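Step one of this worksheet: look at the structure below.
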Amino acid sequence: MSKKQPVGVVYSTNPDYQYQYDDEPMAETLPPARQRLRVTLDRHHRGGKTVTLVTGFVGTDDDLQALGRTLKSRCGVGGAAKDGEIIIQGDHLDKVRQLLAADGYNVR
Numbered sequence: 000m001s002k003k004q005p006v007g008v009v010y011s012t013n014p015d016y017q018y019q020y021d022d023e024p025m026a027e028t029l030p031p032a033r034q035r036l037r038v039t040l041d042r043h044h045r046g047g048k049t050v051t052l053v054t055g056f057v058g059t060d061d062d063l064q065a066l067g068r069t070l071k072s073r074c075g076v077g078g079a080a081k082d083g084e085i086i087i088q089g090d091h092l093d094k095v096r097q098l099l100a101a102d103g104y105n106v107r
């Protein structure tokens with residue numbers, strides 16, 4: 000979680016000045032039955048290494064991290080969950096699809 004940062008003004012000598020803060024609305028995590036996840040293989044910009052990408056997750060960053068952690072541990076590999084996508088190292092397309100479908104996600 001990041002601190003709230005004032006928008007526009009860095010410093011003011013006016014003691015009555017009220018800073019404006021950029022309030023980002025928290026995205027609610029949809030239930031698994033309403034999620035539409037895409038599972039694909041990718042090799043672009045990865046030095047020829049194959050990774051399994053899970054995209055289309057709608058929800059908070061914490062829930063994305065938790066789902067990524069679960070998939071990585073069940074597949075027994077490393078990876079990352081950032082920018083709304085989960086990266087699983089290696090070709091685990093079928094296994095990831097089965098795991099997500101078993102958890103109730105709509106998988107393409």
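Going by numbering that gives the first Met the number 0, the letters in the sequence shown line up with residues 0 to 107, in that order. Quick reminder that beta carbons are idealized off the backbone N, C-alpha and C, glycines included. Everything numeric in this text was worked out from a predicted model, so none of it was measured.
Residues in the same chain with beta-carbon distance under 7 Å from residue i, minus the five sequence neighbours each way, listed in chain order, please.
i: Tyr111; result: Any question about residue 111 goes unanswered here, given that the chain covers just 0 to 107.
i: Ile86; result: Val50, Leu52, Gly78 and Ala79
If contacts are defined as beta-carbon pairs under 8 Å, then residue i and residue j qualify, I think. What distance do you get, rounded to the angstrom?
i: Asp41; j: Val50; result: 5 Å
i: Thr39; j: Glu84; result: Their Cβ separation, rounded to whole angstroms, is 10 Å, which puts Thr39 and Glu84 out of contact at 8 Å.
i: Val95; j: Leu70; result: 6 Å
i: Arg73; j: Leu98; result: 6 Å
If we cut at 9 Å on Cβ distances, does residue i have a partner in chain D?
i: Gly78; result: Reference to chain D is not applicable here, since this structure consists of a single protein chain.
Give the DSSP-derived three-state secondary structure of residue i in the structure shown.
i: Arg73; result: helix
i: Arg92; result: Sequence inspection shows Leu at residue 92; the Arg mentioned does not correspond to that position. In the structure shown, Leu92 sits in a helix (DSSP, three-state: H, G or I).
i: Gly67; result: helix
i: Arg33; result: helix
i: Asp61; result: helix
i: Met0; result: The predicted model places Met0 with a pLDDT of 46, which falls under 50 and marks its position as unreliable; any figure quoted below should be read in that light. Here Met0 sits in coil by DSSP.
Count the other CB atoms within 10 Å of the CB of residue i; is the residue buried (16 or more) or exposed (fewer)?
i: Lys48; result: exposed
In chain order, what residues of the same chain lie with their CB nearer than 8 Å to the CB of residue i, ignoring the 5 residues before and after it?
i: Glu27; result: Gly58 and Thr59
i: Val76; result: Ile87, Gln88, Gly89 and His91
i: Ala100; result: Val106
Can you give me the Cβ contacts of residue i inside the same chain, cut-off strictly under 6 Å, excluding the 5 residues immediately before and after it?
i: Gln64; result: Ala80
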